[in-house]
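Reviewing the structure listed below.
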Amino acid sequence: MNIMLIEDALALIEEGSMRGAAERRNVTQPAFSRRIATLENWLGVKLVERLANKVEIKDALLNRQDEFRSLLKKMDSLRGEYTSSVNSLKIGTQHTLASSVFPEIYSQISKYKFIDKIRLRTRNQDEIIS
0 MNIMLIEDAL
10 ALIEEGSMRG
20 AAERRNVTQP
30 AFSRRIATLE
40 NWLGVKLVER
50 LANKVEIKDA
60 LLNRQDEFRS
70 LLKKMDSLRG
80 EYTSSVNSLK
90 IGTQHTLASS
100 VFPEIYSQIS
110 KYKFIDKIRL
120 RTRNQDEIIS
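Quick note, in numbering that gives the first Met the number 0, the sequence shown goes up one by one and the last residue is 129.
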């Protein structure tokens, strides 16, 4: 389960439209719609009704938004507890750069003793930017 999916659902509630929420989350509308569909599949419940020119947010999502917000706060707090004592560096890049450029970058960065952990995330361009 990706926490970004919960953030997406909350953005959809706040914006009221797929287009507005997608813009806010810095992804294309089709990509955002797929992310909401992924959350629906994971939860096993339909969260939105996709109509011709709009989307209707279902009660299954609206009635649980406080729980989603609470879950995000708890996860953020938990992550903070684990990472507060670790000096980490997070790098996001596209797949091609990860294999062609990152090895050299890693060899240079790993010389610095104050960095305990290096995390590389490879995603498509629209996901890295968000």
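Glycine is no exception: its CB is placed at the ideal position from the N, C-alpha and C atoms. Because the structure is a prediction, the values reported are computed rather than measured.
Straight-line gap, residue i to residue j (C-alpha atoms, nearest Å)
{"i": "residue 44", "j": "residue 57", "result": "10 Å"}
{"i": "residue 41", "j": "residue 97", "result": "29 Å"}
{"i": "residue 107", "j": "residue 27", "result": "35 Å"}
{"i": "residue 91", "j": "residue 119", "result": "6 Å"}
{"i": "residue 79", "j": "residue 52", "result": "41 Å"}
{"i": "residue 112", "j": "residue 99", "result": "24 Å"}
{"i": "residue 104", "j": "residue 89", "result": "13 Å"}
{"i": "residue 109", "j": "residue 46", "result": "44 Å"}
{"i": "residue 29", "j": "residue 18", "result": "9 Å"}
Which listed residue (the options) has its alpha carbon closest to that of residue i
{"i": "residue 59", "options": "48, 69, 52", "result": "48"}
{"i": "residue 62", "options": "4, 12, 119, 29", "result": "12"}
{"i": "residue 1", "options": "19, 67, 99", "result": "67"}
{"i": "residue 55", "options": "16, 65, 81", "result": "16"}
Own chain, CB closer than 8 Å to residue i, minus 5 neighbours either side, in chain order
{"i": "residue 93", "result": "121, 122, 123, 124, 127"}
{"i": "residue 70", "result": "5"}
Own chain partners of residue i with C-beta closer than 7 Å, once the 5 adjacent residues on each side are dropped
{"i": "residue 24", "result": "7, 10, 31, 129"}
{"i": "residue 34", "result": "4, 7"}
{"i": "residue 14", "result": "20, 23"}
Near the ligand SAH: residue i beta-carbon under 7 Å from a heavy atom
{"i": "residue 89", "result": "Summarising the ligand content, the structure contains no ligands, and the ligand SAH is consequently not present."}
Exposure of residue i, with buried meaning 16 or more beta-carbon neighbours within 10 Å
{"i": "residue 74", "result": "exposed"}
{"i": "residue 50", "result": "exposed"}
Complete alpha helix (DSSP H) runs within the stretch 54 to 114 (minimum length 4 residues, chain order): 58 to 61, 64 to 82, 94 to 99, 101 to 108
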